[in-house]
Amino acid sequence: MKSADKSCLYGHSPERLQQMDAAAVWHPFTQMAEYADPLVIAAAEGNYLIDTQGRRYLDGVSSLWCNVHGHRRAEIDAAIIAQLNRVAHTTLLGLGSPPAIELAHRLVEIAPGDLGHVFFSDDGSTAVEVALKIAYQYHRQKPQAEQSRRRFASLHNAYHGDTIGSVSVGGIELFHEAYRPLLFESIHLPSPYCYRCPYGLQAEECNLACATEMEQTIARHGQELAAVIVEPLVQGAAGMLMQPPGYLSRLRAACDAAGCLMIADEVATGFGRTGRMFACQHENVVPDLLCLAKGITGGYLPLAATLARDHVYQAFLGSRAELRTFFHGHTYTGNALAAAAGVASLDVFRNDRVLEGLPAKVDQLTDRLKELQTLKHVGQVRQRGLMVGIELVADADTRQAYDYAAAMGDRVCRAIRNHGVILRPLGDVVVLMPPLSITEAEIDHLVAAVSAAIVEATGE
Numbered sequence: 184m185k186s187a188d189k190s191c192l193y194g195h196s197p198e199r200l201q202q203m204d205a206a207a208v209w210h211p212f213t214q215m216a217e218y219a220d221p222l223v224i225a226a227a228e229g230n231y232l233i234d235t236q237g238r239r240y241l242d243g244v245s246s247l248w249c250n251v252h253g254h255r256r257a258e259i260d261a262a263i264i265a266q267l268n269r270v271a272h273t274t275l276l277g278l279g280s281p282p283a284i285e286l287a288h289r290l291v292e293i294a295p296g297d298l299g300h301v302f303f304s305d306d307g308s309t310a311v312e313v314a315l316k317i318a319y320q321y322h323r324q325k326p327q328a329e330q331s332r333r334r335f336a337s338l339h340n341a342y343h344g345d346t347i348g349s350v351s352v353g354g355i356e357l358f359h360e361a362y363r364p365l366l367f368e369s370i371h372l373p374s375p376y377c378y379r380c381p382y383g384l385q386a387e388e389c390n391l392a393c394a395t396e397m398e399q400t401i402a403r404h405g406q407e408l409a410a411v412i413v414e415p416l417v418q419g420a421a422g423m424l425m426q427p428p429g430y431l432s433r434l435r436a437a438c439d440a441a442g443c444l445m446i447a448d449e450v451a452t453g454f455g456r457t458g459r460m461f462a463c464q465h466e467n468v469v470p471d472l473l474c475l476a477k478g479i480t481g482g483y484l485p486l487a488a489t490l491a492r493d494h495v496y497q498a499f500l501g502s503r504a505e506l507r508t509f510f511h512g513h514t515y516t517g518n519a520l521a522a523a524a525g526v527a528s529l530d531v532f533r534n535d536r537v538l539e540g541l542p543a544k545v546d547q548l549t550d551r552l553k554e555l556q557t558l559k560h561v562g563q564v565r566q567r568g569l570m571v572g573i574e575l576v577a578d579a580d581t582r583q584a585y586d587y588a589a590a591m592g593d594r595v596c597r598a599i600r601n602h603g604v605i606l607r608p609l610g611d612v613v614v615l616m617p618p619l620s621i622t623e624a625e626i627d628h629l630v631a632a633v634s635a636a637i638v639e640a641t642g643e
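Add 183 to a position in the sequence shown, counting from 1, and you land on the number used in the working numbering.
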């Protein structure tokens, strides 16, 4: 495909679309006063995005971490079209839907442990809101009810979404501080950030001091905790911070000892991103509630799911008069088109043996990333599976960060467009999260482009 289909432009020239975009669209996480020269994507093919001028770009961040098998995957396209010929949407409030039923059963089959009950919603934030409300209500309705369990704990640098509840358990000052008066107070646990260790320790000597403090904090607040929420293995929006081996399993044990629930937010880490279907599986951890979104439909349509273990689900069962119902729902819960896409995506995982093919790609990416560590403005390269964060620094020897106003991460990601790649940074951390369908040649292209863009933007 050499150029975008003109029908994608709605009768406007590329230049006119840019003008209309700047005038009318308020973009998320974007300072609109500085928004200039917008890049408008009109089409896609495989692992590539195509702008209104017909230029092709490798989708290096999977269209914000959600595209799994590439764009315009024939099987997923066909599933959506087939469902559209039946019905696009019906409510799940008291009614069933074949694609939602099928997807729920398929998710239960692949989820770890006894996560046997699926509550659908719309996106990652709502999946987390559902989990928080379930955990809160669970302790009031379980056989030995505990009204005192009203609080939640989460990690420093946590990101769980942008709704009020999910922001309340977030821990990124840049994103969350402005809304502090609106939020409920949560308990913060230490975030493993080995490159900038808050204890001033080196990895080989720390003995997981952050995990020890985490355990002590959970134990101290044990009787008031409803749940602890965590992004397993990788704190994504914090800058791809990688938890050391053993941290997650120790957190699970600490929750059990305190009698609180564990919520695993796998919105970003789920569906193969870390090399396993779910990140929890790397440490054989079964959370009480599992939040999924992003890749659940292969990156096609908005959908989310919160999976609950049986003991949690049972606490909500009873007669109508007992008022044990979970009074929560969304208009598009279990949307038929999205659920059909989700089923088709799981078919692709199975038929293409996607997970089996990941180790070779991960190893190749690991090998190629080594060359970036030699650049003098690269402080650390962090990787888990196909999730990568490259932290840029003004001085690698002292680990001095760039001034926020310098926007070095953004400058690198703008420079890389000239090399045929689309990326989006997290501050001064350049993020790579390509589709699982990326090829060996595309991995080479991606890393080479990143290297060139860093050199150009930093003036190295």
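All residues carry an ideal CB built from backbone N, CA and C; glycine is no exception.
Just so we're clear, the structure is a prediction, and the values are computed from it rather than from any experiment.
| Query | Result |
| --- | --- |
| Reference Leu315, options Thr346, Tyr231 and Leu286, closest by Cα | Thr346 |
| Residues near Pro608 in its chain [Cβ-Cβ closer than 8 Å; skip 5 each side] | Gly592, Asp593, Val595, Cys596 and Val614 |
| Nearest candidate by alpha-carbon position, reference Asp535, set Met423, Pro281, Gly253 and Ile224 | Gly253 |
| Buried or exposed (CB count within 10 angstroms, at least 16 for buried), Glu398 | buried |
| Delimiting residues of the beta strand (DSSP E) encompassing Arg567 | Val561 to Arg567 |
| Cβ distance (whole Å) where Asn230 is taken to contact Ser620 below 8 Å | 6 Å |
| Three-way DSSP call (helix, strand, coil) for Cys474 in this model | strand |
| Local conformation of Asp220 per DSSP, three classes | coil |
| Ala598 - DSSP class collapsed to helix/strand/coil | helix |
| Member of Ala577, Asn518 and Arg289 whose CA lies at the smallest distance from the CA of Leu267 | Asn518 |
| Other residues of its chain near Ala476: CB distance less than 6 Å, five sequence neighbours each side excluded | Asp306, Gly307, Ala310, Val450 and Ala487 |
| Supposed close pair Ile446, Leu472 - CB separation, criterion 8 Å | 5 Å |
| Contact check, Cys191 vs Arg332, beta carbons under 8 Å | no |
| Cβ contact check for the segment 414-425 and the segment 457-467: 3 or more pairs under 8 Å | yes |
| Range covered by the beta strand (DSSP E) that runs through Arg334 | Arg334 to Leu338 |
| Cut-off 8 Å between Cβ atoms - residues of its own chain near Arg576, not counting five sequence neighbours on either side | Before going further, note that residue 576 is Val rather than Arg in the sequence given. Correct list, in chain order: His560, Val561, Gly562, Arg582, Gln583, Ala584, Tyr585 and Asp611. |
| CB-CB length for Gly481 against Val531, believed under 8 Å | 7 Å |
| Neighbourhood of Pro618 by C-beta, 7 Å cutoff - its chain only, sequence neighbours within 5 removed | Asn230, Asp242, Ser245, Asn250, Val251, His252 and Gly253 |
| Option nearest Val545 by Cα separation, candidates Gln556, Ala521 and Val571 | Val571 |
| Completely contained alpha helix (DSSP H) runs for the segment 472-549, where each covers 4 or more residues | 493-497 and 519-534 |
| Gln385: CB within 7 Å of a non-hydrogen atom of the ligand SAM | For the ligand SAM, the structure offers nothing, since it holds no ligand at all. |
| Rounded C-alpha distance that separates Ile285 from Gly277 | In the sequence under discussion, the amino acid at residue 285 is Glu, which differs from the Ile named in the question. Each residue's alpha carbon lies about 17 Å from the other. |
| 8 Å CB neighbourhood of Ser634 in its chain, flanking five on each side removed | Glu554, Leu555 and Leu558 |
| Own chain partners of Pro470 with C-beta closer than 7 Å, once the 5 adjacent residues on each side are dropped | Met445, Ile446, Ala447 and Cys463 |
| First through last residue of the alpha helix (DSSP H) which encompasses Arg239 | Premise fails: Arg239 lies in the beta strand (DSSP E), Arg239 to Asp242, not in any alpha helix (DSSP H). |
| Exposure of Ile599, with buried meaning 16 or more beta-carbon neighbours within 10 Å | buried |
| Residue interval of the beta strand (DSSP E) (run including Glu574) | Met570 to Leu575 |
| Cutoff 8 Å; reference Pro221; Cβ partners in own chain excluding five residues on either side | Gln201, Asp204 and Ala205 |
| Extent of the continuous beta strand (DSSP E) run through Gly634 | The sequence as given places Ser at residue 634; Gly does not occur at that position. Note, Ser634: premise wrong, no beta strand (DSSP E); alpha helix (DSSP H) at Glu623 to Thr641. |
| Buried or exposed by the 16-neighbour rule on C-beta atoms within 10 Å, applied to Ser196 | exposed |
| Cut-off 6 Å between Cβ atoms - residues of its own chain near Val352, not counting five sequence neighbours on either side | Phe335, Ser337, His343, Ser369 and Ile412 |
| Contact check, Asn340 vs Ser304, beta carbons under 8 Å | no |
| Nonlocal neighbours in the same chain, by C-beta distance under 7 Å from Arg435, ignoring five residues either side | Met445 and Val468 |
| Sub-8 Å separation of Gly299 and Asp493 beta-carbons | yes |
| Helix, strand or coil at Leu615 [DSSP, three-state] | strand |
| Cβ-Cβ distance between Leu490 and Ala524 below 8 Å | no |
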